[in-house]
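The structure under discussion appears below in the form of structure tokens.
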Amino acid sequence: MPPLTQFHDIDDPSQLPPLCGEPEFSTLVTELALAEAPRLFAVVQEYGVRVDARIAGWGLAFEDRADVISVGGRLRMSLTAPEHALRGFRAGPHVHPRLVWLPREA
Numbered sequence: 006m007p008p009l010t011q012f013h014d015i016d017d018p019s020q021l022p023p024l025c026g027e028p029e030f031s032t033l034v035t036e037l038a039l040a041e042a043p044r045l046f047a048v049v050q051e052y053g054v055r056v057d058a059r060i061a062g063w064g065l066a067f068e069d070r071a072d073v074i075s076v077g078g079r080l081r082m083s084l085t086a087p088e089h090a091l092r093g094f095r096a097g098p099h100v101h102p103r104l105v106w107l108p109r110e111a
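Residue 6 is where the sequence shown starts when you use this note's numbering, and the numbers rise one by one after that.
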């Protein structure tokens, strides 16, 4: 199946038969979405050495980039790597940002 961005380049499919029934197709597209889903991560700001912490932002790691948004929504970043988000969440000498990767199937 071509990527969605290429759908404008294909012929009209209205004369083609469906690949399968709806339940099977639903399973196929669910498996496709799971296989291509970006990884979810949190940007945590740690105060001191494990004294306290807060979730400062959330990110999605794609194959070729990462998109991050702060919890308040004021900071948005599109980066070449998730680790590059840490620069945007530094807050003085006592606050250290870190990435926390969530399991793929939480």
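Backbone N, C-alpha and C fix where the C-beta goes; we use that ideal spot for every residue, glycine too.
Beta-carbon to beta-carbon, residue 87 and residue 107 are separated by about 12 Å, too far to satisfy the 8 Å threshold.
Listed in chain order, the non-local C-beta contacts of residue 52 below 7 Å within the same chain comprise 58, 99 and 100, local neighbours out to five positions each way being set aside. A straight line joining the alpha-carbon of residue 80 with that of residue 16 spans about 41 Å. Relative to residue 76, the option among 50, 25, 21 and 27 whose CA is nearest is 50. Judged by DSSP in its simplified three-state form, residue 101 adopts strand. Restricted to the stretch 44-97, the beta strand (DSSP E) segments that are unbroken, complete and at least 3 residues in length are 44-52, 57-66, 71-75 and 81-84, listed in chain order. For residue 46, the CB contacts under 7 Å within the same chain, skipping 5 residues up- and downstream, are 64, 66, 87, 104, 105, 106 and 107 in chain order.
Counting other Cβ atoms within 10 Å of its Cβ, residue 90 reaches 16 or more and is therefore classed as buried.
Of the residues assessed, residue 71 falls on the buried side of the cut-off, its CB having 16 or more other CB atoms within 10 angstroms.
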